[in-house]
Structures are given as structure tokens and as C-alpha cells.
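Numbering (the numbering used here), first residue to last: 15 to 230.
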């Protein structure tokens, strides 16, 4: 079980912007491969648009002074409880039901001019993805270790502050050692953290991606 200390959590938050870009860089690096596309198609689980996910979100949503708070559960390999739409001011909290896999929730705002579906976006060639998201700063990056422990808000606090359409992904490699991955995130000062040799493809290639529309 990993229980990050307060000091460690603070270091992760300070370096979260650099570490969180790993999600986008990994996305641009693997989404254009034929095998990756096939895997995502064959193993994708229900996403935020499915009624089961919406009902779960309703069950886990609470009202706070600033807006709604929604608990999103990370499983192998899907997000449970993420609604298809929500309001500005909504705060997401991530829990992790996996006994072995580290999970994250990375939310990046999609340009207003972009109308393609999330399924289409994750399969775009690298050049197109880079044009869309290359300079993007994630709205939030929430990281949660397996087997308990505390959620680490590496970027933001989980609150949506702008209206728009967002892509939600987990880019942690399949089978990556949670302790080593979190140490790499902590140590990264520029660019994405390095991953251990032999680590598998990012979780989103297994279907761990979704979309959410944030309204005023």
C-alpha cells in the first residue's frame, strides 16, 4: 500500500504540470499505431456517455458550497461514475478500485472548433494530435495509487473552472510499478517521467478514456 506523505504530495503537486504532460505526449506517441487502435476498439469499456456510468455518477454526487462534487472510480480499465455533462464548479474526486494498477484522471479541454468524437480523437495521427493538444495545459490531473492511500491532485484540485468539452484519459502504462511510477512523477522537472523498460501500453489504449461536457 502506498500512502504518500504530505511533503511528497506537495512535491508532486509542484511538479505536476511537467508530469501531467506525459499523458499528452504518450497519447501522441502511440495513438497513431494500428495495433493500438485495434486494442482500443476491441477492449474499450463503457464510457461517460453510457447510462450505467451516468446513474453511478448520480449516486456518488454531493452538493458542496461551490458546486457539485462527484466521486469517479478508476477500475481496470475504465472510469466509473463520470457523467456525460456537468456544470462549471463541479469538482471531481478520484478513487482507485484496482489492487495493483496505479491510475490517473487527466482532463484536457478540447478546442471549441473541434467537433470529432472522443473515439475519433484518440485514434488521430500524431501530427494532428500535436496540433490539437501539443501546447495544452491539463485542467486537472488526479492520481490515485492502488490498494488504498490518498488521491494526489497533481494539477488543479479537480474542479472544472471553464465550460467546454474535455477529453478524459489515464495514460499510466499497463503493469507499471506504482511506486516507481510515482517516484518518476515526483522527480520529473521537465517533460514526462520516464517509465520502466517493458512497461505496457497506456491505459487509455485499453479503453480507459471518456469525454465530458462542462456547461455554464
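From the three backbone atoms N, C-alpha and C, an ideal C-beta is built for every residue, glycine too.
Who are the Cβ neighbours of residue i in its own chain at under 6 Å, not counting the five residues just before and after it?
i, result
"residue 106", "84, 86, 172"
"residue 195", "116"
"residue 154", "121, 169, 170, 172"
"residue 81", "103, 104"
"residue 132", "181, 225"
"residue 112", "90, 160"
Which same chain residues end up closer than 7 Å to residue i when comparing Cβ atoms and leaving out the 5 residues on each side of it in sequence?
i, result
"residue 114", "160"
"residue 189", "213, 214"
Which word fits residue i, buried or exposed, when buried means at least 16 other C-beta atoms lie within 10 angstroms of its C-beta?
i, result
"residue 101", "exposed"
"residue 90", "buried"
"residue 149", "exposed"
"residue 192", "buried"
"residue 129", "exposed"
"residue 201", "exposed"
"residue 175", "exposed"
"residue 88", "buried"
"residue 167", "buried"
"residue 73", "Only weak support exists for where residue 73 lies, its pLDDT of 49 falling under 50; the coordinates are left without a value."
Give every residue of the same chain whose Cβ lies closer than 8 Å to the Cβ of residue i, excluding the five residues on either side of it in the sequence, and list them in chain order.
i, result
"residue 186", "115, 116, 117, 118, 195, 216, 217"
"residue 178", "123, 124, 126, 227, 228"
"residue 99", "226, 227, 228, 229"
"residue 8", "This structure leaves residue 8 out entirely; the chain is present only between 15 and 230."
When you compare the CB of residue i with every CB in chain B, is at least one pair closer than 7 Å?
i, result
"residue 105", "Considering every chain present, this structure includes no chain B. It has just one protein chain."
Let me check one thing: in DSSP terms, what residues is residue i bridge-paired to?
i, result
"residue 225", "181"
"residue 85", "107"
"residue 94", "87"
"residue 194", "For residue 194, which the question treats as bridged, DSSP gives no partner whatsoever."
"residue 121", "154, 182"
"residue 216", "187"
"residue 100", "228"
When the Cβ atoms of the segment 162–171 are set against those of the segment 136–150, are three or more pairs found closer than 8 Å?
No: the two stretches stay apart, fewer than three of their Cβ pairs being nearer than 8 Å.
In chain order, which continuous runs of the alpha helix (DSSP H) of length 4 or greater are located wholly inside the segment 128–179?
Within the segment 128–179, the complete alpha helix (DSSP H) segments of 4 residues or longer fall at 132–135, 140–147, listed in chain order.
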